[in-house]
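Have a look at the structure below, then the notes.
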Amino acid sequence: MRDKPAVLPVCRAQGALLHVMRCGNGCRYPDTRVALSSALPIPGSAPHMDQPVTHVSEPRRRAAVAFIFVTVLLDMLAFGIVIPVLPHLIEQLAGGGIANAAWWVGIFSTVFAIVQFAFSPVQGALSDRFGRRPVILISNLGLAVDFMVLALAPTLWLLFVARIVLGMTAASFTTANAYIADITPKEKRAAAFGMLGGAFGLGFIIGPGLGGFLGDISLRLPFWVAAGLALCNFLYGLLVLPESLPKERRTPRFELHSAHPLGALKLLRRYPQVLGLAVVMFLVYLAHYVLQTTFVLYADYRYSWGPQAVGFVLMLVGACDGSVQAFLTGRLTPRYGERRVLIAGMLCGIGAFLLMGLADTGWVFLLGIPLMALWGLSGPPIQSIMTHQVDPTEQGRLQGAIASLGSFAGIFGPYLFAQIFAFSISPQSPIHLPGLAFVVSAVLLLIGTVIAARITRHITDPATHHGEEPAPCAATVPGDLSPIAVTRPVDPTPVNPTEPSP
């Protein structure tokens, strides 16, 4: 009961804005929409933006996937631009050395994660109620505001404001996952999620290198460029992006209890074995925060890499990751099965973290990047199996719960790894091992791999049984580094339409 007053006003405000975006846009830009949509390889007349693209021809489905691919690409490009410079901006505003900057980076990341943990299920439930498109638009607009505040902030407290705004609205990637689940047949979802991962990687191929180059000109310039990209993304979605969730498959009303962050996590408990895999996802998310929290400062401290060098290294990371997601995931999963690809990807992540943490030179560190990219193989298969096994009306809510799980890990991860990194480089530390945080991440992944291998032993793998209906028995899988669920019948309508949402 304590959380309701804080969430309800935001829910009402967002609901109103969603309604305006959902209903008002059709009156403002009808001609523009038709022109833009007609340029795509879609037979027949261009669909209205509020017309769902589910259950339509294959060319129209491909065009919708292309829309969401570009949306994610622009989103990740904006994020990638600021990665090489944000820790240095924090270091400049906070004063002190690298250890002090690492502490502040951990604090900012934790604040963002707490806010996102509270509001991700709200975004997921709103996307189930009003559709995916308006939620993606709000997220892109919030991202633009965040970058503009970062570009202007003269003090640390304004950075806090920017992180809070972003945490409240950051839902574009999880909503994009739900969008793909809406419009893609089950047997093609792993490849579709892999394509989204390719957009994610492509954004990081271009973004960090550009951000490092711009950061050498001015530390604030990358934030202005990122804000412009986010605004372009918002306008692109406003004019072009169609809705994916039919009105008949939307939840009849927005239910506040389902948008409560802990209430959203209860959805995971409705399916057998989901708690064990939720633990795996928590460990995976937790391990990943070592990169977000310490990489830029770690590279500066150990290898003397500045923003431009870090940007080029992240370009290499993006190139490897995008290649893996775009060219390997769709081929390996049908051949070897989702469970094997999942375990292999996790093992690659363990090797990558160990190599990066123990590397004495920058060239040795670079050898871990291809292994880190192969770690990404575990994401799309998990996401694919997860979406197979929940009601279609709960895809957005499940994605919100998954994001909340990651944000819950983000509450602890940044502070944990910032403290480990600061401790490992402190003159008072009994052991001088700057890469200790990466070694800890490898241990976390090892624990997660053992748990995942044990829990997923008896899964029926849809990727290798295209013609078979999943058995209506318990099955498990993690999702985008998220949880799993029980196998449900493949039906576009809910199995239990009258069942209240969690």
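Under the numbering used here, the sequence shown has 40 at position 38, and the numbering climbs by one with no breaks. Idealized CB from N, CA, C, for every residue including glycine. Since this is a predicted model, take the numbers as computed values, not measurements.
**Message:** For Pro-210 and Phe-236, I'd like the C-alpha separation in whole angstroms.
**Reply:** Here residue 210 refers to the residue found at position 208 when the sequence shown is read from its first residue. Here residue 236 refers to the residue found at position 234 when the sequence shown is read from its first residue. Each residue's Cα considered, the two are about 21 Å apart.
**Prompt:** Excluding the five sequence neighbours on either side, which residues of its own chain have a C-beta within less than 6 Å of the C-beta of Gln-118, listed in chain order?
**Reply:** For this step, residue 118 is matched to residue 116 along the sequence shown. Gly-169, Ala-172 and Ser-409.
**Request:** Between the Cα of Ala-280 and those of Ala-66, Ile-453 and Ile-85, spot the shortest distance and give me the residue it belongs to.
**Result:** Residue 280 sits at position 278 when you count from the first residue of the sequence shown. It is Ile-453.
**Item:** Other residues of its chain near Cys-322: CB distance less than 7 Å, five sequence neighbours each side excluded
**Value:** By one-based count along the sequence shown, residue 322 stands at place 320. Correct list, in chain order: Ile-371, Pro-372 and Ala-375.
**Request:** Below 7 Å CB to CB, which residues in the same chain sit around Phe-425 once its five sequence neighbours on both sides are set aside?
**Result:** Along the sequence shown, one-based indexing puts residue 425 at 423. Within the same chain, Phe-425 has close Cβ partners Ser-431.
**Asked** Any chance the CB of Val-84 is under 7 Å from a heavy atom of the ligand HEM?
**Response** This structure lacks the ligand HEM, and indeed carries no ligand of any kind.
**Asked** DSSP state of Val-87, grouped into three classes?
**Response** By one-based count along the sequence shown, residue 87 stands at place 85. Correct three-state label for Val-87: coil.
**Reduced DSSP secondary structure (H/G/I, E/B, other) of Thr-186** = Indexing the sequence shown from 1 puts residue 186 at position 184. Coil, per DSSP.
**Item:** Residue of Ala-354, Thr-363 and Leu-139 minimising C-alpha distance to Val-445
**Value:** Taking the first residue of the sequence shown as position 1, residue 445 is located at position 443. Among Ala-354, Thr-363 and Leu-139, the Cα nearest to that of Val-445 is on Ala-354.
**Which listed residue (Met-348, Arg-131, Met-150 and Leu-139) has its alpha carbon closest to that of Tyr-238** = Taking the first residue of the sequence shown as position 1, residue 238 is located at position 236. Of the listed residues, the one whose Cα sits closest to Tyr-238 is Leu-139.
**Message:** What would DSSP say about Gly-97, mapped onto helix, strand or coil?
**Reply:** Counted from its first residue, the sequence shown places residue 97 at position 95. Correct three-state label for Gly-97: coil.
**Prompt:** Using DSSP with H/G/I as helix, E/B as strand and the rest coil, what is Pro-372?
**Reply:** By 1-based counting over the sequence shown, the position of residue 372 is 370. Pro-372 falls in the helix class under three-state DSSP.
**Request:** May I have the straight-line CA-CA distance separating Ser-122 from Thr-363, to the nearest angstrom?
**Result:** As a position in the sequence shown, residue 122 is number 120, starting the count at 1. As a position in the sequence shown, residue 363 is number 361, starting the count at 1. Their backbone Cα atoms lie some 39 Å apart in a straight line.
**Asked** Can you tell which of Leu-95, Ala-80 and Phe-284 has its C-alpha closest to the C-alpha of Thr-157?
**Response** For the purposes of this step, residue 157 is identified with residue 155 of the sequence shown, where counting begins at 1. The shortest C-alpha separation from Thr-157 is found at Leu-95.
**Helix, strand or coil at His-290 [DSSP, three-state]** = Position 288 of the sequence shown, counted from the start, is the residue given in the question as residue 290. His-290 falls in the helix class under three-state DSSP.
**Message:** Here's the rule I'm using: 16 or more other beta-carbon atoms within 10 Å means buried, otherwise exposed. How should Arg-456 be labelled?
**Reply:** By one-based count along the sequence shown, residue 456 stands at place 454. It counts as exposed.
**Message:** Using a 10 Å radius around the Cβ and a threshold of 16 neighbouring Cβ atoms, would you call Ile-219 buried or exposed?
**Reply:** As a position in the sequence shown, residue 219 is number 217, starting the count at 1. By the 10 Å Cβ count, Ile-219 comes out exposed.
**Item:** DSSP state of Val-242 mapped onto helix, strand, coil
**Value:** Within the sequence shown, numbered from 1, the residue matching residue 242 stands at position 240. Here Val-242 sits in coil by DSSP.
**Prompt:** In terms of alpha-carbon separation, which member of Gly-230, Ile-109 and Ala-193 lies closest to Leu-418?
**Reply:** For this step, residue 418 is matched to residue 416 along the sequence shown. Selected option, being the one with the closest Cα: Ile-109.
**Asked** Do you know offhand how far Ile-1's Cα is from Ser-141's?
**Response** This structure does not reach residue 1, given that the chain is present from 3 up to 504, and the question cannot be answered.
**Asked** Would you report the Cα separation of Val-298 and Pro-309, rounded to the nearest angstrom?
**Response** Translated into the one-based positions of the sequence shown, residue 298 becomes position 296. Translated into the one-based positions of the sequence shown, residue 309 becomes position 307. Using only the alpha carbons, I get a separation of about 8 Å.
**Item:** Beta-carbon separation (whole angstroms), Leu-216 vs Pro-224, contact threshold 8 Å
**Value:** As a position in the sequence shown, residue 216 is number 214, starting the count at 1. As a position in the sequence shown, residue 224 is number 222, starting the count at 1. Indeed, because the Cβ distance is near 4 Å, the residues count as touching under 8 Å.
**Asked** Is it true that the CB of Gly-200 sits closer than 8 Å to the CB of Gly-324?
**Response** Translated into positions along the sequence shown, residue 324 becomes position 322. Translated into positions along the sequence shown, residue 200 becomes position 198. A contact, by the Cβ cut-off of 8 Å.
**Asked** Among Pro-394, Gly-412 and Gly-82, which residue has its Cα nearest to the Cα of Lys-188?
**Response** For this step, residue 188 is matched to residue 186 along the sequence shown. Ranking the options by Cα distance to Lys-188, first place goes to Pro-394.
**Prompt:** Less than 8 Å separating the beta-carbons of Gly-378 and Ile-208?
**Reply:** For this step, residue 378 is matched to residue 376 along the sequence shown. For this step, residue 208 is matched to residue 206 along the sequence shown. Not closer than 8 Å, so no.
**Message:** Under DSSP, the alpha helix (DSSP H) around Gln-310 begins and ends at which residues?
**Reply:** What you label residue 310 is simply residue 308 of the sequence shown in a count that begins at 1. 309-325 is the span of the alpha helix (DSSP H), which, as asked, contains Gln-310.
**Message:** Along the chain, where does the alpha helix (DSSP H) containing Ala-354 start, and where does it finish?
**Reply:** For the purposes of this step, residue 354 is taken as residue 352 along the sequence shown, with counting starting at 1. 340-360 is the span of the alpha helix (DSSP H), which, as asked, contains Ala-354.
**Message:** My output table needs one value for Ile-433: the three-state DSSP class, helix, strand or coil.
**Reply:** Numbered from its first residue, the sequence shown carries residue 433 at position 431. Of the three classes helix, strand and coil, the one that applies to Ile-433 here is coil, per DSSP.
**Message:** Please report the distance separating the alpha-carbon of Leu-143 from that of Ala-229.
**Reply:** In the sequence shown, the residue the question calls residue 143 occupies position 141. In the sequence shown, the residue the question calls residue 229 occupies position 227. In a straight line, the C-alpha of Leu-143 is about 9 Å away from that of Ala-229.
**Message:** Between which two residues does the alpha helix (DSSP H) holding Leu-139 run?
**Reply:** The sequence position of residue 139 within the sequence shown is 137, counting from 1. That run of the alpha helix (DSSP H) goes 134-154.
**Prompt:** Can you check whether the CB of Ala-301 is closer than 8 Å to the CB of Val-312?
**Reply:** The residue given as residue 312 occupies position 310 in the sequence shown. The residue given as residue 301 occupies position 299 in the sequence shown. Closer than 8 Å, so yes.
**Request:** Return the first residue and the last residue of the alpha helix (DSSP H) that Phe-162 is part of.
**Result:** Residue mapping note: residue 162 aligns to position 160 of the sequence shown, counting from 1. Here the alpha helix (DSSP H) through Phe-162 covers 158-171.
**Message:** Output needed for Val-442: all residues of its chain with C-beta closer than 7 Å, excluding positions within five of it in sequence on either side, in chain order.
**Reply:** For the purposes of this step, residue 442 is taken as the residue at position 440 of the sequence shown. So the qualifying residues of the chain are Ile-422.
**Asked** Start and end of the alpha helix (DSSP H) containing Ala-454?
**Response** Taking the first residue of the sequence shown as 1, we reach residue 454 at position 452. Per DSSP, Ala-454 belongs to the alpha helix (DSSP H) from 438-457.
**Request:** Give a yes or no on whether the C-beta atoms belonging to Gly-213 and Val-292 are separated by under 8 Å.
**Result:** Counting from one through the sequence shown, the residue named residue 213 turns up at place 211. Counting from one through the sequence shown, the residue named residue 292 turns up at place 290. No; because the gap between Cβ atoms is not below 8 Å, this pair is not in contact.
**Prompt:** According to DSSP, is Leu-247 helix, strand or coil?
**Reply:** Here residue 247 is taken as the residue at index 245 of the sequence shown, counted from 1. If DSSP states are grouped into helix, strand and coil, Leu-247 belongs with coil.
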